[in-house]
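Chains A and B are the protein sequences, given in the same order.
If you're matching positions, the first sequence starts at 18 in the numbering used here and goes up one per residue.
If you're matching positions, the second sequence starts at 475 in the numbering used here and goes up one per residue.
C-beta: ideal position from N, C-alpha, C; glycine also.
A quick note: this is a predicted structure, and the numbers were derived from the prediction, not measured.
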Amino acid sequence: MSDKATAFFRYLAYVIELILMFMLCTTPGLMPELFGAKPALLICVALTAAVFEREIPAMIIGMVAGILTDIGYSNSIGVFTISLTIICFIVGYAANNLIVAKFLNYLLYAAIAVGILFMLYFLVWFIIPGVEDMWQYFTAHIISRAVQTFLYSIPFYFINKFIYSRLNTEIG
Amino acid sequence: MKDFFQSTKVKVFLSVLLVLIMLSVFTRNVENNIISTTLNAITFGLSKVTAAATEDHSPKKSYDELKTENDALAQANRELRAKLVDYYNVKEENTRLWQFYGIKKEHEDYSLIPATVLRRDTNDEFGSFTIDKGTASSVNVGAPVIGESGLIGWISEADAYTAKVVTILSPQTSIGAVDNATGDTGIITGSAKFADENRTTFTKLNSENKVEEGDIITSSGASGIYPKGMALGEVIEIGYDTYDTSYYAVIEPYDDISKILDVAVVTDFDGQGEILKKESDE
Numbered sequence: 018m019s020d021k022a023t024a025f026f027r028y029l030a031y032v033i034e035l036i037l038m039f040m041l042c043t044t045p046g047l048m049p050e051l052f053g054a055k056p057a058l059l060i061c062v063a064l065t066a067a068v069f070e071r072e073i074p075a076m077i078i079g080m081v082a083g084i085l086t087d088i089g090y091s092n093s094i095g096v097f098t099i100s101l102t103i104i105c106f107i108v109g110y111a112a113n114n115l116i117v118a119k120f121l122n123y124l125l126y127a128a129i130a131v132g133i134l135f136m137l138y139f140l141v142w143f144i145i146p147g148v149e150d151m152w153q154y155f156t157a158h159i160i161s162r163a164v165q166t167f168l169y170s171i172p173f174y175f176i177n178k179f180i181y182s183r184l185n186t187e188i189g
Numbered sequence: 475m476k477d478f479f480q481s482t483k484v485k486v487f488l489s490v491l492l493v494l495i496m497l498s499v500f501t502r503n504v505e506n507n508i509i510s511t512t513l514n515a516i517t518f519g520l521s522k523v524t525a526a527a528t529e530d531h532s533p534k535k536s537y538d539e540l541k542t543e544n545d546a547l548a549q550a551n552r553e554l555r556a557k558l559v560d561y562y563n564v565k566e567e568n569t570r571l572w573q574f575y576g577i578k579k580e581h582e583d584y585s586l587i588p589a590t591v592l593r594r595d596t597n598d599e600f601g602s603f604t605i606d607k608g609t610a611s612s613v614n615v616g617a618p619v620i621g622e623s624g625l626i627g628w629i630s631e632a633d634a635y636t637a638k639v640v641t642i643l644s645p646q647t648s649i650g651a652v653d654n655a656t657g658d659t660g661i662i663t664g665s666a667k668f669a670d671e672n673r674t675t676f677t678k679l680n681s682e683n684k685v686e687e688g689d690i691i692t693s694s695g696a697s698g699i700y701p702k703g704m705a706l707g708e709v710i711e712i713g714y715d716t717y718d719t720s721y722y723a724v725i726e727p728y729d730d731i732s733k734i735l736d737v738a739v740v741t742d743f744d745g746q747g748e749i750l751k752k753e754s755d756e
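In structure tokens form, the structure reads like this:
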């Protein structure tokens, strides 16, 4: 297959992943809650794709995942779109130029990125509006959601690594 | 590194970021805007699929009950098949409306628009959800939303075909309410402390309140935003807020808000928009 064809099928695979995870996340009652929260699967897809892609494709994947996450929550473009766009761009750059995306390095990227994303979310939706009992919400839900998102991203790392290795002429 | 910051990639990145920030400000501040409408229109089909795939949380029925119901439905289906061309849409709407028949009968002044929950988000623990009706169906921001048993929330955002509902479990909600048994008044607002258990709070009660467990709390209708006399829930606990130095009651709504699938939006009712004078002002 030509470069363009493999790239097309690879991006198509990411798009299908994003659509499936959007449906899985937003279907009421489909995913069980663990410790008061569910993982943000769109973030898992975006981060794991970003570590294998170049900056611009990584940024676009992050932007799409962010838009879908924000639509699900507030019907408008917001904190997840902007933060995932920035983070995926940085991850894409760092994984290609600074720290190669081996599994252990990916865990480092994911821990930092997930931590930043949920802290920003908490800042924008809870601290700035001054929601009452926000720290209870933080300990009961945000921490659990961040940890689950981090853990769920591990299988996505291997799925996207497989997609990247199979649909990439540079290494295939 | 210096080359990188001057590269086309960074310029593209900064341009995209600038556009996203502008779009974010635009979609937050302009109601019913084209961006949100377009994005929701794109995901509408997906959400319809997820809504259809949603598990039914209604109580389980026995085989005989299901068989009887199935026979009745099969019979009804045979009769209805011969009717109007848009039979399926009408039937679906009627099924939803039937759930709100009791409320409609009790409050003839209400104009109800039945709607289905399209999606819920993993990021919201206060039960907020998006419904499949928007401004094209006369569903506007601020409109009350009811479940089978009473008021469950209000429309916070609306575009042409979808609308977001903030529930009474959310701290964003503030509804004037009254204890039907004692006449005590207060504000219904959500709390992160109780939202997990499908509970909200009846706050700002005065020190001489007589609210007791088991009392039924209804909307006071004082602001003209919510209809008067809509059931909000039942008192299950009384507490004292040391920070706010006022009493509050924990309220359990009659509907399980985190699992509700069919709702109705009250688009019009007697007294809508009228601000009633409080007793103290009289």
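Under 9 angstroms, CB to CB, which of the residues in the stretch 71 to 83 of chain A have a partner in chain B? ARG71, GLU72, ILE73, MET76, ILE77, MET80, GLY83
Considering TRP152/A, what are the terminal residues of the alpha helix (DSSP H) in which it resides? According to the DSSP assignment, TRP152/A belongs to the alpha helix (DSSP H) that extends over 151 to 154.
For a contact defined as C-beta to C-beta under 8 angstroms, what are the partners of ASP670/B on chain A? GLY53, ALA157
What residues from the stretch 23 to 41 of chain A come within 7 angstroms of chain B, judged by C-beta to C-beta, listed N to C? ILE36, PHE39, MET40
Whether THR98/A touches SER170/A by CB criterion (7 angstroms): Contact annotation: THR98/A and SER170/A have beta-carbon atoms that are not nearer than 7 angstroms.
Cβ-based neighbour list, VAL615/B, same chain, cut-off 7 angstroms, excluding 5 preceding and 5 following: GLU505, ILE629, SER630, GLU631, ALA632
Against GLY95/A, what residues of chain B qualify as contacts under a CB-to-CB distance less than 9 angstroms, listed in chain order? The answer, in chain order, is SER498, THR501, ARG502.
So with Cβ pairs under 7 angstroms, would you call ILE116/A a contact of chain B? no
Could I get the ranges of all uninterrupted beta strand (DSSP E) runs contained in the stretch 628 to 715 of chain B, with 3 residues as the minimum, in chain order? 637 to 641, 649 to 653, 659 to 663, 674 to 679, 690 to 693, 705 to 715
Which residue wins for smallest C-alpha separation from ILE690/B, given the options ALA666/B, THR659/B, TYR714/B? Ranking the options by Cα distance to ILE690/B, first place goes to THR659/B.
Establish whether the CB of ASP20/A and some CB of chain B are separated by less than 7 angstroms. no
Going by DSSP, which residues form a beta bridge with THR604/B? ARG593/B, LYS638/B
How long is the line joining the alpha carbons of TYR123/A and ALA130/A, rounded to whole angstroms? 10 angstroms
Test: TYR154/A CB closer than 7 angstroms to a CB of chain B: yes
PHE175/A at chain B interface by Cβ criterion, 7 angstroms: no
Min CB distance LYS485/B to chain A below 7 angstroms: Not an interface residue.
Just mark LEU134/A as buried or exposed, buried being the case when its beta carbon has 16 or more other beta carbons within 10 Å. buried
DSSP state of VAL108/A, grouped into three classes? In this structure, VAL108/A counts as helix in the three-state DSSP scheme.
Best match in ILE180/A, GLU70/A, GLY89/A, PRO146/A for proximity to ASN114/A [C-alpha to C-alpha]: Among ILE180/A, GLU70/A, GLY89/A, PRO146/A, the Cα nearest to that of ASN114/A is on GLU70/A.
Chain-ordered neighbours of ASN614/B on chain A, where CB pairs are closer than 9 angstroms: Chain A residues near ASN614/B: none, gap ~14 angstroms exceeds 9 angstroms.
Minimum C-alpha distance to MET40/A - residue among SER623/B, LYS578/B, THR517/B, LEU679/B: THR517/B
Report the residue from VAL640/B, THR675/B, THR636/B, ASP670/B whose alpha carbon sits nearest the alpha carbon of GLY650/B. THR675/B
Own chain partners of ILE661/B with C-beta closer than 8 angstroms, once the 5 adjacent residues on each side are dropped: Sequence-distant Cβ neighbours of ILE661/B in its own chain, meaning closer than 8 angstroms and more than five residues away, are SER648, ILE649, GLY650, ALA651, PHE676, THR677, LYS678.
Given a cut-off of 7 angstroms on the beta-carbon distance, is the pair PHE574/B and ALA738/B in contact? yes
At what residues does the beta strand (DSSP E) containing ASP443/B begin and finish? Shown here, chain B extends from 475 to 756; a query on residue 443/B therefore has no answer.
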